[in-house]
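Student:
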Amino acid sequence: MNKFRVSGFTLRVLGSGLLLSKHNPKRETRNLNFASRARRAIADERLQGALARAMDHFVHGREIAFAELEDPAALKQHGRAIRAHTLAHLDEYLALLAQSVQRHGGHVHWARDAAEANRIVVELARERGIRLAVKSKSMATEEIYLNHALESAGVRPVETDLGEWIIQLAGETPSHIIGPALHKTRAEVIALFAKATGRPVPPDAPIPDLTRIAREELRQHFLAAGMGISGVNFAVAETGTVVIVTNEGNGRFATGLPPIHVAVMGAEKVVPTWEDLMVLLKLLTRSATGQRISSYVNCITGPRRPNEPDGPDEFHLVILDNGRSDVLGQSRFREALYCIRCGACLNVCPVYRKVGGHAYGSVYPGPIGAVLTPLFQGLDKFPELPHASSLCGACKDACPISIDLPRMLIDLRQIEAEGKPILNFRFWILDFRLLSTSNQRWVERVLFRLYGWALQYPVLYRLGAKVGYWVQRPLVRDGRIPSVPVPPFSGWTQFRDFPQVAAQPFHERWSKLEDGEAA
Amino acid sequence: MRVALFISCLADLFFPEVGEDVVKILRRVGLQVTFPRNQTCCGQPAFNSGFKRDARRLARHFIQVFEDAETIVTPSGSCATMVRLEYPHLFEDDPAWQARAQAVAARTYEFSEFLVRILKIEDVGARFLGHVTYHDACHANRGLGIREEPRRLLRHVRGLELVEMDRPDWCCGFGGSFSVRLPDISGAMLDEKLRRIKATGVNTVITTDAGCIMHMAGGLRQRGETVQVLHLARVLAHE
Amino acid sequence: MARLHNYPRMAELSTGAFLDRIRTALRRGDRRESALARPGEPVTPADARVHANAVRARAVAAFPVSLECFAEKLTAVGGKVHCVESADQARRLLLDLAAAQQVGHAAICAYPDLANLGLEDALAEAGITVTRVAPSDWTPEIRQALRVDLVQADLAISGADYAVAETGTLVLAAGSFNPRTATALPRIHVALVRPERLLPTYQDLTLLLKADWLSDDSQLSSSCFTFVTGPSRTGDIEQTLTIGAHGPGEMHVIWLVYESR
């Protein structure tokens, strides 16, 4: 990977894929590792407060929403069956989707990777002389850094979801899949809005006033924009309908007011039928925000019909691969594509709750991000993420599709640990590069090999117990070990004591117990 | 009925009294307990860190040691999860070993699960004075669905009052090598757990996994708290 | 292998490199998984047409129960639900709402269901500017003029194509008299709905949409079906629920219950 700095622009040449980026804060923090970003987040009291409040809010909402269902387990199972079936027939459903979109007058574009997707959108704007594009919230466009591509091409993208707009003004990336700005305080928003509008905002402005400022400011953009860009929550294959779920209503404007609507979807977002859509929609809104349904669900099929007074003249659907077909081919990771991006796994993840989204250094944070990011972008670039979990399993429980995230995290750890190559088709070339194994991992590997070998022999195990007892003795104070001076245990004892190895482990006490039985 | 005890390496080395209490209780309810001497570790630490080859090696050892046992009981939810849920997967490419793994997996139980689900015993005649709270160990809870079993056993202990903490099923932050690899995050999770425990005002926390005990007890002691963390068996053995 | 029933065979479609990669990946993946059967048979459009009348009849019979459910669900998310016993009452309610909210300009989407209510005259008499959206020859000039009007309106009045009791939702199909942003731009949205529009569940809605889809040469009749449930809302700043983000801050549904007799 080559990296040049050219007057504020960072050019990264990755394989044959070219990404142009201008002020991307994520890139700046990527040099730090996950552990130190996490440490910084944990020390940030304000962030801790915001995270606890937001997470509890989401978790509580989801629990209430599911509790009122007659049979939540059956609904989840149904949702999972739909996703499994769809992904197993992805080629057929995508073909059907494309055909249906075209039948209703829409255009379909296939993008193998981020660069292709960006080029498609940029070209559509350039051909029509469009200078301003409004966007409704979309993780797929975050994934491909579409805003940077548009800006580089002279098109100004304006995010219109309140949270997305706030982080766009702040020059940041979303810290949560559905609550992108949950780490921002009201005071920060006031400062950002004052700067964006060029008008003073009172320092005690209540939140409804701030929302009104956003409404007024962004409405001008909706009316002036030449292009509306949206993501896709679901795309119904049988009718070619893209479904966009919002609460604020920005989705209705971004897709309905500008003369051209471009929807960008990950290839896995297709659903076969309307029946399937209704099941997944029910799961999505309940899992994401605890709502029975969001305020607005737009089901869009092609451009404006001749008899309709408004709506776009053109509808374009960009279907994105960007590593998905590669994941699809790996049986043990295919499940990761079942994700419907509700964010429930983030909210219950005890690690996410402590470190927030930015610590992950990836577009998708939390447990699903720790799985998807290495799969999409290469485990070699994100070797730490699969370890960002205590494997407590709360994510799998909360997931409306019951995606087995802990198992996939372990599988990713295995690939990294055992140094097997992960197929990486991402940048047009077959990339069989062996994963770099960091030094710590190498030491770990030796230790685990030793452990795995030695513990097959009970004699060595018992000897180890004895040695352990003698080695720890100098450190024992008052029946406990308050501090171990050698890493990695020094990290452990920074936060908790270490118990002492018993002078007489259970296996030594057994003979006495056995005698007890005999007696 | 004869029961083979798998003590688990953590309990063996750090909490041997848990093993003694398990034996005491199982005998009290009329069972014969054996302790296959060659047992070591189930291999979960290697498995969770991604070292499946090493985990497989220890799994084979475990299977050989316990294959002849009629029933295997362990006072560790995470070891029981490892044997029951993960062993069969570990040998996916090896049908002969997979069959052996499945056979052993089907006969392995966590201690409280064994008492309540298999023996249908909820009252083991214990007496323990005090207010306690119960922490759901992640693997026992989400892996094996053990939620009610320990609570039922506790409710039958004379003199004991169970006070539920807020979110008893949230991870204490141990996670095996996770707590060593990312001690700060693990420590922050522990903080939250201990806050919830303190809010109940109890003086005893009960759980079913040596890892959680080691983690929570270590944290409490370092913070100078007097709250004690006990394995379920320790309370149930109390007369 | 589980087949997609009734759908055109995929092999005839132009495929391209994109789908080839997916096919290759599926072949590489687990075969057992690839054979996954469809979870439940979807209703075909043809079946839907047969069932549609039954759905409508059932919905009418279930109206009182459905209405209660609808009101509970919509009220829970901040929508307002009213029932009126006559056209006169509907007009008065609408005028009261307009007066309370100091409405100066109203846009009426001329749903046929509203034809006999005399809303326009009543509003105009109250001194309110009325923009009536009726089927028209939507040339770019006329569309632009309409847009200017819609942007200025304080109140949007519409009917609804369907309502779903399960979640307290209105379903609005964009059409010749219903611009898809007309009910989103003003700060208040009032929908007047006839009882027969209310369906108990989304399953019913799906059946009717499919019936409609088949009757029109496999074309959905509208480019945009919007499900509206309550006012626009956001929680993006400090998780504080705020009503009235981009869309209307008030949403009312007036049930013309007298029409059910």
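Protein chains in written order, with my numbering: chain D, 585 to 1103; chain U, 326 to 564; chain E, 676 to 936.
Where a beta carbon is used, it is the ideal one built from N, C-alpha and C, also for glycine.
Would D:Leu1018 pass as an interface residue toward chain U - the criterion being a Cβ-Cβ separation below 8 Å?
Tutor: Unreliable positioning characterises D:Leu1018 in this predicted model, as indicated by a pLDDT of 34, which lies under 50. The coordinate reading is nonetheless provided below. By this cut-off, D:Leu1018 is not an interface position.
Student: Pull the bridge partners of E:Trp930 from the DSSP assignment, please.
Tutor: E:Cys758, E:Val868
Student: Helix or strand or just coil, what does DSSP make of D:Met992?
Tutor: Note: D:Met992 maps to helix in three-state DSSP.
Student: Using 8 Å as the threshold, is the C-beta distance between D:Ser974 and U:Phe499 below it?
Tutor: yes
Student: With 8 Å set as the bound, which would you pick, yes or no: does the beta-carbon of D:His1106 sit closer than that to a beta-carbon of chain E?
Tutor: Here chain D comprises residues numbered 585 to 1103, so residue 1106 of chain D is not present and cannot be evaluated.
Student: In the DSSP assignment, what residue or residues form a beta bridge with E:Leu792?
Tutor: According to DSSP, which records beta bridges pairwise, E:Leu792 is partnered with nothing at all.
Student: Please say whether U:Leu561 and U:Ala451 have beta carbons closer to each other than 8 Å?
Tutor: Yes, the Cβ-Cβ distance between U:Ala451 and U:Leu561 is below 8 Å.
Student: Would you kindly work out how many angstroms separate the C-alpha atoms of D:Gln1056 and D:Lys1050, rounded to a whole number?
Tutor: 10 Å
Student: Mapping the DSSP letters down to three states, classify D:Tyr944 as helix, strand or coil.
Tutor: helix
Student: Under a CB-based cut-off of 8 Å, is U:Gln553 close to chain D?
Tutor: No, U:Gln553 lies away from the interface with chain D (no Cβ there is under 8 Å from its Cβ).
Student: At a Cβ threshold of 8 Å, is D:Phe818 touching chain E?
Tutor: With a threshold of 8 Å between beta carbons, D:Phe818 makes no contact with chain E.
Student: Who are the near neighbours of D:Leu746 in its chain, counting only those whose CB is closer than 7 Å to its CB and skipping five residues on each side?
Tutor: The beta carbon of D:Leu746 is closer than 7 Å to those of Thr795, Ala798, Glu832 in its chain, skipping five residues each way along the sequence.
Student: Any Cβ of chain D within less than 8 Å of the Cβ of E:Gln777?
Tutor: no
Student: State the Cα-Cα distance for the pair E:His927 and E:Ala831, rounded to the nearest angstrom.
Tutor: 10 Å
Student: Against chain E, with Cβ distances strictly below 8 Å, would D:Ser909 count as a contact?
Tutor: yes
Student: Check the C-beta distance from E:Arg773 over to E:Leu798 and give it rounded, since I have them as a contact under 8 Å.
Tutor: Looking at the sequence shown, residue 773 of chain E is not Arg but Ala. Indeed, because the Cβ distance is near 7 Å, the residues count as touching under 8 Å.
Student: Please classify E:Asp771 as buried or exposed, where buried requires at least 16 other C-beta atoms within 10 Å of its C-beta.
Tutor: exposed
Student: Closer than 8 Å, Cβ to any Cβ of chain D: which residues of the region 363-377 of chain U, in chain order?
Tutor: Asn363, Gln364, Thr365, Cys366, Gly368, Pro370, Ala371, Phe372, Asn373, Ser374, Gly375, Phe376, Lys377
Student: Is it the case that the Cβ atoms of D:Leu631 and D:His760 are separated by a distance below 8 Å?
Tutor: no
Student: Look up U:Thr396 in the DSSP assignment and say whether it is helix, strand or coil.
Tutor: U:Thr396 falls in the coil class under three-state DSSP.
Student: Apply the 10 Å Cβ neighbour rule to D:Asp897 and answer buried if 16 or more other Cβ atoms are within range, or exposed otherwise.
Tutor: exposed
Student: Please determine, among U:Gly455, U:Ile510, U:Leu479, U:Lys349, the residue with the shortest C-alpha to C-alpha distance to U:Asn528.
Tutor: The shortest CA-to-CA distance from U:Asn528 to any of U:Gly455, U:Ile510, U:Leu479, U:Lys349 is the one to U:Gly455.
Student: Give the DSSP bridge partners of D:Met811, in chain order.
Tutor: D:Ala717
Student: Residues of the region 405-418 of chain U in Cβ contact with chain D at a cutoff of 7 Å, in chain order, please.
Tutor: none
Student: Within 7 Å: the Cβ of E:Val778 and any heavy atom of the ligand FMN?
Tutor: Inclusion of the ligand FMN in the displayed structure is not the case, the ligand content being empty and no account of it being possible.
Student: Using a C-beta to C-beta distance shorter than 8 Å, which residues of chain D count as neighbours of E:Gln894?
Tutor: Taking the beta carbon of E:Gln894 as reference, the chain D residues within 8 Å of it are Arg687, His688, listed in sequence order.
Student: Does E:Trp813 come out as helix, strand or coil in the three-state DSSP assignment?
Tutor: Three-state DSSP puts E:Trp813 in coil, outside helix and strand.
Student: Extract the residue ranges of the beta strand (DSSP E) inside the region 1025-1058 of chain D, only unbroken runs of 3 or more that lie entirely within it.
Tutor: none
Student: D:Ser814: which of D:Pro790, D:Pro842, D:Glu1028, D:Ser1074 sits nearest, CA to CA?
Tutor: D:Pro842
Student: Step through the CB atoms of chain E and report whether any lies within less than 8 Å of the CB of D:Thr795.
Tutor: yes
Student: Would you mind stating whether D:Gln866 and D:Leu659 have Cβ atoms separated by less than 8 Å?
Tutor: Per the sequence shown, the amino acid found at residue 866 of chain D is Lys instead of Gln. Against a cut-off of 8 Å, the Cβ pair of D:Leu659 and D:Lys866 comes out as a contact.
Student: Report buried or exposed for D:Thr781, applying the criterion of at least 16 other Cβ atoms within 10 angstroms of its Cβ.
Tutor: By the neighbour-count rule (16 or more Cβ atoms within 10 Å), D:Thr781 is not buried but exposed.
Student: Can you give me the Cβ contacts of E:Phe746 inside the same chain, cut-off strictly under 8 Å, excluding the 5 residues immediately before and after it?
Tutor: For the record, residue 746 of chain E in the displayed sequence is Ala; it is not Phe. Excluding positions up to five away in sequence, the list reads Val756, Gly843.
Student: Less than 8 Å between the C-beta atoms of D:Val718 and D:His805, yes or no?
Tutor: yes
Student: Name, please, each residue of chain D whose Cβ falls closer than 8 Å to the Cβ of E:Cys758.
Tutor: Within 8 Å Cβ-Cβ: nothing; E:Cys758 doesn't reach chain D, min ~22 Å.
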